[in-house]
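In our numbering, the protein residues as written are 1 to 125.
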(Lines of atoms letter the chains of each structure in order from A and count residues from 1; the text may use other names and numbers.)
(Lines give C-alpha, C1' and ligand atoms only; values in the text may rest on other atoms or scores of the structure.)
Protein backbone atom coordinates (compact mmCIF):
# COMPACT_ATOMS: atom_id res chain seq x y z
CA UNK A 1 0.00 0.00 0.00
CA UNK A 2 1.12 3.54 -0.69
CA UNK A 3 2.49 5.00 2.57
CA UNK A 4 1.34 8.41 1.37
CA UNK A 5 -2.19 7.31 0.41
CA UNK A 6 -3.71 9.79 2.84
CA UNK A 7 -1.27 12.59 1.94
CA UNK A 8 -1.65 14.70 -1.18
CA UNK A 9 1.83 16.01 -1.96
CA UNK A 10 0.50 18.21 -4.75
CA UNK A 11 -1.96 20.20 -2.62
CA UNK A 12 0.17 19.70 0.52
CA UNK A 13 -2.75 18.29 2.48
CA UNK A 14 -3.60 15.26 4.59
CA UNK A 15 -6.84 13.25 4.87
CA UNK A 16 -8.30 13.36 8.39
CA UNK A 17 -11.83 12.70 9.61
CA UNK A 18 -13.29 12.59 6.10
CA UNK A 19 -11.71 15.77 4.72
CA UNK A 20 -8.43 17.14 3.33
CA UNK A 21 -6.52 19.56 5.58
CA UNK A 22 -3.53 21.74 4.75
CA UNK A 23 -0.90 22.63 7.34
CA UNK A 24 -2.67 25.90 8.00
CA UNK A 25 -6.05 24.16 8.36
CA UNK A 26 -4.64 21.70 10.89
CA UNK A 27 -2.83 24.39 12.88
CA UNK A 28 -6.05 26.43 13.03
CA UNK A 29 -8.07 23.33 14.02
CA UNK A 30 -5.64 22.47 16.83
CA UNK A 31 -5.66 26.07 18.06
CA UNK A 32 -9.48 26.23 17.98
CA UNK A 33 -9.75 22.92 19.85
CA UNK A 34 -7.40 24.11 22.61
CA UNK A 35 -9.17 27.47 22.90
CA UNK A 36 -12.49 25.60 23.23
CA UNK A 37 -11.04 23.48 26.05
CA UNK A 38 -10.83 20.33 23.93
CA UNK A 39 -7.35 18.96 24.53
CA UNK A 40 -7.80 15.79 22.47
CA UNK A 41 -5.50 17.12 19.77
CA UNK A 42 -3.35 14.03 19.25
CA UNK A 43 -4.98 12.91 15.97
CA UNK A 44 -4.79 16.32 14.23
CA UNK A 45 -1.31 16.81 15.68
CA UNK A 46 -0.13 13.42 14.36
CA UNK A 47 -1.66 14.19 10.96
CA UNK A 48 0.20 17.51 10.88
CA UNK A 49 3.42 15.76 11.88
CA UNK A 50 3.00 13.13 9.14
CA UNK A 51 2.24 15.82 6.55
CA UNK A 52 5.29 17.84 7.57
CA UNK A 53 7.53 14.74 7.39
CA UNK A 54 6.17 13.73 3.97
CA UNK A 55 6.67 17.23 2.57
CA UNK A 56 10.21 17.39 3.98
CA UNK A 57 11.08 14.09 2.26
CA UNK A 58 9.44 14.98 -1.07
CA UNK A 59 11.57 16.08 -4.02
CA UNK A 60 10.43 17.94 -7.11
CA UNK A 61 11.38 16.12 -10.32
CA UNK A 62 10.77 18.12 -13.50
CA UNK A 63 9.75 16.02 -16.49
CA UNK A 64 8.75 16.70 -20.10
CA UNK A 65 6.50 14.42 -22.09
CA UNK A 66 4.61 14.40 -25.38
CA UNK A 67 1.31 16.29 -25.35
CA UNK A 68 -0.79 13.18 -26.07
CA UNK A 69 0.74 11.33 -23.11
CA UNK A 70 0.20 14.35 -20.84
CA UNK A 71 -3.44 14.62 -21.97
CA UNK A 72 -4.04 10.90 -21.38
CA UNK A 73 -2.45 11.17 -17.96
CA UNK A 74 -4.57 14.21 -17.04
CA UNK A 75 -7.76 12.49 -18.23
CA UNK A 76 -6.94 9.32 -16.28
CA UNK A 77 -6.09 11.24 -13.11
CA UNK A 78 -9.34 13.17 -13.43
CA UNK A 79 -11.34 9.97 -13.94
CA UNK A 80 -9.69 8.42 -10.86
CA UNK A 81 -10.18 11.58 -8.80
CA UNK A 82 -6.46 11.87 -8.12
CA UNK A 83 -3.91 14.62 -8.80
CA UNK A 84 -1.70 14.08 -11.83
CA UNK A 85 1.35 13.99 -9.57
CA UNK A 86 -0.12 11.04 -7.64
CA UNK A 87 -0.66 9.14 -10.89
CA UNK A 88 2.94 9.83 -11.98
CA UNK A 89 4.35 8.72 -8.60
CA UNK A 90 2.26 5.53 -8.71
CA UNK A 91 3.33 4.72 -12.29
CA UNK A 92 7.00 5.25 -11.47
CA UNK A 93 6.72 3.09 -8.33
CA UNK A 94 5.11 0.26 -10.34
CA UNK A 95 7.78 0.53 -13.04
CA UNK A 96 10.63 0.47 -10.52
CA UNK A 97 9.14 -2.53 -8.67
CA UNK A 98 8.75 -4.44 -11.95
CA UNK A 99 12.31 -3.57 -13.03
CA UNK A 100 13.67 -4.73 -9.67
CA UNK A 101 11.73 -8.01 -9.83
CA UNK A 102 12.95 -8.60 -13.39
CA UNK A 103 16.55 -7.89 -12.38
CA UNK A 104 16.30 -10.26 -9.41
CA UNK A 105 14.86 -13.02 -11.61
CA UNK A 106 17.65 -12.52 -14.17
CA UNK A 107 20.32 -12.65 -11.45
CA UNK A 108 18.80 -15.80 -9.96
CA UNK A 109 18.70 -17.46 -13.37
CA UNK A 110 22.33 -16.51 -14.06
CA UNK A 111 23.40 -18.03 -10.73
CA UNK A 112 21.83 -21.41 -11.55
CA UNK A 113 24.84 -23.51 -12.70
CA UNK A 114 22.98 -26.08 -14.76
CA UNK A 115 19.99 -24.19 -16.10
CA UNK A 116 16.36 -24.79 -15.19
CA UNK A 117 16.11 -28.40 -16.49
CA UNK A 118 19.10 -29.87 -14.69
CA UNK A 119 21.82 -29.92 -17.36
CA UNK A 120 24.09 -27.42 -19.07
CA UNK A 121 21.99 -25.06 -21.12
CA UNK A 122 18.86 -26.37 -19.46
CA UNK A 123 18.58 -29.64 -21.41
CA UNK A 124 17.63 -32.89 -19.75
CA UNK A 125 20.07 -35.70 -20.53
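The C-beta atom is built at its ideal place from N, Cα and C for all residues, glycine as well.
When DSSP reads this structure, residue 42 sits in no beta bridge, so it has no partner. Sequence-distant partners of residue 102 (beyond 5 residues in either direction) whose C-beta falls short of 7 Å from its own C-beta are missing from its chain.
With a cutoff of 9 Å on beta-carbon distance, residue 52 and residue 79 are scored as not near each other.
Here the alpha carbon of residue 61 sits roughly 21 Å from the alpha carbon of residue 100.
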